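Every position in the sequence shown, counted from 1, becomes a number in this note's numbering once 1 is added.
The beta carbon of each residue, even a glycine, is placed where N, CA and C say it ideally should be.
Every value quoted in this text rests on a predicted model; they were computed, and no experiment measured them.
Remarks on the structure that follows.
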Amino acid sequence: MIVRVATEIALNKFFDYEVPPQMERLISIGSRVKIPFGHREVLGYVTEVIEKTTLTAPSGEGMLPGTEVPVKLKRIIKVIGEQNLITPKVMALAVWMAGYYCCSVEVALRSLLPKMVCREQEGWKKQLYVRYNQGVPEPDKLTKRQKEVLDFIQQKRELPLTQLTTEMGCTSDIVRRLEKTGKVTLAPLKVLRDPYANLELIPTQPRKLNSAQETALRQIVSAMDAKDRGQVKPFLLFGVTGSGKTEVYLQAIAHALEKGQGAIVLVPEISLTPQTVERFKARFAEGPLRTQVAVLHSHLSDGERHDEWHKIRKGNARIVIGARSAVFAPVDPLGVIIVDEEHEYSYKQESEPRYNARDVAVVRAQKEDTIVVLGSATPSMESYYNAQKGKYTLLTLPHRVDNIKMPGVRIVNMSSEMRMEGVPQFSTMLKEAIRLRLDEHQQVILFLNRRGYATQLQCPACGYVAYCPYCSVALTYHRRECLLKCHICGYQVKAPYNCPECNEPGIRYKGTGTERVEETLAKLFPLARIRRMDTDTLKKKDDYQKILRDFGLGKIDILLGTQMITKGLHFPRVTLVGIINADISLHRPDFRASERTFQLITQVAGRAGRGNEEGEVIVQTFTPWAPAISYARDHDYVSFYEEEIQHRAELFYPPFGRLVLITILSQNEELLQRVAEELRRQIETRVPAEALHSLKGPVPALLERAEGYYRYHIQIQTRKMSVLSRHLFDICQEFRCPEEVNFTVDVDPVNMV
Ligand code: ADP
Ligand code: ZN
């Protein structure tokens with residue numbers, strides 16, 4: 002048996018190895034293996050099982066494809082794990098990813114497995130267990146103490162050594178002595194690390210669906226039962242906030258389980274709250290469909306992630322719920338993939354490989370002949386366009402369940418709030434509305450997508466603005482710590498009392514952040530219990546959960562936060578949502594700014610009035626006529642889409658053309674410019690014209706400098722991504738880039754800055 006192996010040592014090259022007969026049984030596509038490589042031993046993945054090597058070798062090494070000369074191949078040293086770690090279908094997915102996202106296969110393989118799973122050392126946590134040996138006769142010469150300990154072990158049959166020593170107050174010596182008699186055995190056993198062990202589950206039953214839910218589920222289920230599932234189109238489940246999308250997911254998953262298949266549920270990292278996890282675990286906690294639900298996200302420890310992953314690989318957990326990388330989870334067979342909040346930007350990975358988990362989910366479903374459901378209250382322009390074009394099947398849940406009304410949205414034009422001393426943070430309407438809710442003992446959520454106290458420190462006398470010395474952005478003032486901080490690189494410096502340039506003492510802070518709003522709130526409503534939630538207030542791992550729990554228990558009246566409070570939260574006592582400044586996201590220099598703003602307002606507004614009381618939303622803005630704001634007021638996604646799609650068409654932006662953004666970085670700007678120009682020339686001459694709709698740049702990026710590096714962009718629009726990607730990959734491989742210059746290629750970029 003001969004296999005082809007990819008290693009991270011040599012990118013874009015594959016090497017053939019012979020498999021020793023005793024290992025043949027253990028090896029297949031996706032196996033992790035240890036191989037000799039030059040003078041070293043390294044790890045790699047089996048990408049192919051082949052009949053006969055076509056490689057040539059001067060030294061008998063595994064070699065590059067090319068000639069027919071048979072060579073003596075080196076042998077695999079060892080197989081890691083009891084099974085192939087990557088299923089052949091996921092391997093095929095990685096190969097697709099490499100081609101599409103313009104990276105090597107090895108780089109694509111890198112994100113497939115948790116770190117501890119692909120290591121050579123075993124990742125299991127072991128603990129010493131003491132076991133009582135029933136059949137062995139009891140030794141006669143035991144001390145009283147030994148007898149006591151032995152009796153205790155007999156009672157328990159088997160228990161961790163540490164538990165025994167603490168509960169009995171004995172030393173491990175005494176246990177060792179008992180071990181010598183043969184009456185007990187000490188052996189290391191695997192212990193599973195379960196991050197959700199303390200979650201209390203109250204099993205739930207499927208709810209009776211309303212007719213819209215029923216129709217949606219019926220279509221999904223009949224697709225799951227279809228003979229040629231490979232031909233089934235992805236579903237786009239477009240359901241307003243609170244319309245019961247999750248219930249549809251749960252019942253679709255139940256159907257997969259009935260068929261003996263599993264499911265992957267992707268949710269944005271930020272909404273992987275215990276609230277969400279519990280909903281899935283509780284549904285499948287008992288009954289005939291009982292299964293474990295594994296959870297994968299970045300806040301787990303490496304060990305926990307290792308154990309969750311193996312639960313899935315071994316089939317002990319049939320359902321996995323997780324963030325981005327869970328799209329690669331080894332669920333097999335896979336009955337359905339669900340991507341909740343499919344419009345979320347966090348599905349895009351911002352480091353190599355720069356994949357979008359939603360799009361990978363669609364391709365995985367194709368490759369595995371399975372069903373994929375993308376769900377959202379505010380579908381991405383791309384997905385809704387696909388539904389319009391008939392590439393996706395649209396399923397709609399137009400109403401909230403139980404006839405709960407959508408919250409009324411009121412827009413406040415902040416220009417008319419202008420006073421002598423400027424524009425206040427709170428309009429009269431919002432202030433009054435908060436007061437009313439507090440009087441009624443209801444809860445309020447306030448949203449401002451900007452942390453810190455003030456976004457800029459400016460001197461009124463000389464106009465000096467404090468900038469980061471390493472990045473081309475103004476420093477943000479954090480009042481409590483009395484610091485100026487850079488939100489790009491983390492640089493910080495003590496905030497000055499006087500202007501560093503002209504010594505003017507009346508230095509001013511412009512632009513309001515959450516910290517400042519919190520301060521104002523406390524003055525306006527001294528008796529209210531206010532909590533701020535942003536990355537500055539969340540210091541410890543479980544702070545986020547703790548604040549949400551307190552809010553759920555009614556220990557907080559006003560929850561103020563950045564976008565981390567917009568996602569998937571379900572608190573029935575929230576009747577007012579205030580958006581402090583809707584313009585922040587609207588004026589970002591990004592072609593998605595309008596879409597993003599519409600999504601943010603709709604999602605935050607969706608947190609209001611989910612219980613018996615009607616909800617209200619107040620949006621403060623200087624541009625009430627902007628489509629993103631006025632259509633959000635009317636909960637009118639379709640009209641927003643129809644207007645926005647025209648702008649996209651005019652400029653050939655997605656979903657019409659696809660984009661590639663190349664970022665070139667260096668501390669040496671002159672050299673950077675030369676290299677960037679050369680890169681552009683290469684692209685111009687080597688990429689076929691059919692794959693180059695437009696080619697712009699190099700120009701300084703919007704964020705011109707970050708962490709001391711100058712940044713330039715080249716932007717390509719194309720209608721043939723696969724052609725472009727293939728040529729770009731070759732160009733990048735062969736491009737002679739000086740050491741001081743780096744560049745990255747981002748296919749379907751989300752971050753345009
Ligand atoms: P979405 O995911 O669309 O925001 P959810 O699935 O969270 O909506 O549903 C909102 C609330 O309605 C949840 O408390 C859920 O348990 C409940 N719900 C969903 N479907 C039904 C139904 N058919 N009958 C009664 N309650 C339902
Ligand atoms: Zn900086």
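Residue i beta carbon near the ligand ADP (any heavy atom closer than 7 Å)
i: Arg-608; result: no
i: Gly-612; result: no
i: Lys-406; result: no
i: Val-402; result: yes
i: Arg-574; result: no
i: Asn-211; result: yes
i: Gln-761; result: Residue 761 lies beyond the residue range present for the chain, which begins at 2 and ends at 754; the question has no answer from this structure.
i: Gln-214; result: yes
i: Gly-758; result: Absent from the model: residue 758. The displayed extent of the chain is 2 to 754, so no value can be given.
Enclosing alpha helix (DSSP H) for residue i [first to last residue]
i: Ile-559; result: That residue, Ile-559, is in no alpha helix (DSSP H); its beta strand (DSSP E) goes 559–562.
i: Leu-179; result: 173–181
i: Ala-677; result: 670–687
i: Ile-581; result: Per DSSP, Ile-581 belongs to no alpha helix (DSSP H) and is neither H nor E.
i: Asp-308; result: 303–314
i: His-256; result: 246–259
i: Arg-737; result: No alpha helix (DSSP H) contains Arg-737, which DSSP labels as neither H nor E.
i: Pro-89; result: 89–101
i: Ala-213; result: 212–226
i: Gly-553; result: 544–553
i: Val-605; result: 594–606
i: Arg-438; result: 429–440
i: Phe-641; result: 638–652
i: Val-233; result: Taken as a continuous stretch (DSSP letters only), Val-233 belongs to no alpha helix (DSSP H), as it is neither H nor E.
i: Ile-630; result: 628–634
i: Gln-426; result: Segment: none, Gln-426 is in no alpha helix (DSSP H) and carries neither H nor E.
i: Glu-383; result: 382–389
Paired residues, beta bridge with residue i - DSSP
i: Asp-747; result: Leu-662
i: Gln-457; result: Lys-511
i: Leu-187; result: Val-131
i: Asp-17; result: Arg-5
i: Val-494; result: Leu-485
i: Tyr-478; result: Ala-455 and Leu-485
i: Gly-409; result: Glu-617
i: Pro-37; result: Glu-42
i: Gly-240; result: Leu-398
i: Lys-349; result: Asn-357
i: Leu-335; result: Gly-263
i: Arg-76; result: Glu-19
Residue i - DSSP class collapsed to helix/strand/coil
i: Gln-206; result: coil
i: His-714; result: strand
i: Glu-52; result: coil
i: Ile-619; result: strand
i: Ala-58; result: Residue confidence for Ala-58 is low, a pLDDT of 49 falling below 50, so the modelled location carries little weight; the figure read from the coordinates is stated next. If DSSP states are grouped into helix, strand and coil, Ala-58 belongs with coil.
i: Gln-122; result: coil
i: Ala-1; result: This structure cannot speak to residue 1, because the chain is shown only from 2 to 754.
i: Leu-200; result: coil
i: Phe-285; result: coil
i: Ile-10; result: coil
i: Thr-567; result: coil
i: Gly-464; result: coil
i: Gln-754; result: Residue 754 is actually Val in this sequence, not Gln. Of the three classes helix, strand and coil, the one that applies to Val-754 here is coil, per DSSP.
i: Ser-416; result: helix
Beta strand (DSSP E) segment containing residue i, residue limits
i: Pro-161; result: 159–161
i: Leu-375; result: 372–377
i: Ala-702; result: 695–707
i: Met-534; result: 531–534
i: Ala-264; result: 263–267
i: Gln-444; result: 444–448
i: Leu-396; result: 394–398
i: Arg-319; result: 318–323
i: Val-80; result: 79–81
Near the ligand ZN: residue i beta-carbon under 7 Å from a heavy atom
i: Cys-103; result: no
i: Glu-708; result: yes
i: Tyr-471; result: yes
i: Ile-489; result: yes
i: Met-492; result: For clarity, residue 492 is Tyr in the given sequence; the question names Met instead. Answer for Tyr-492: yes, Cβ within range of the ligand ZN.
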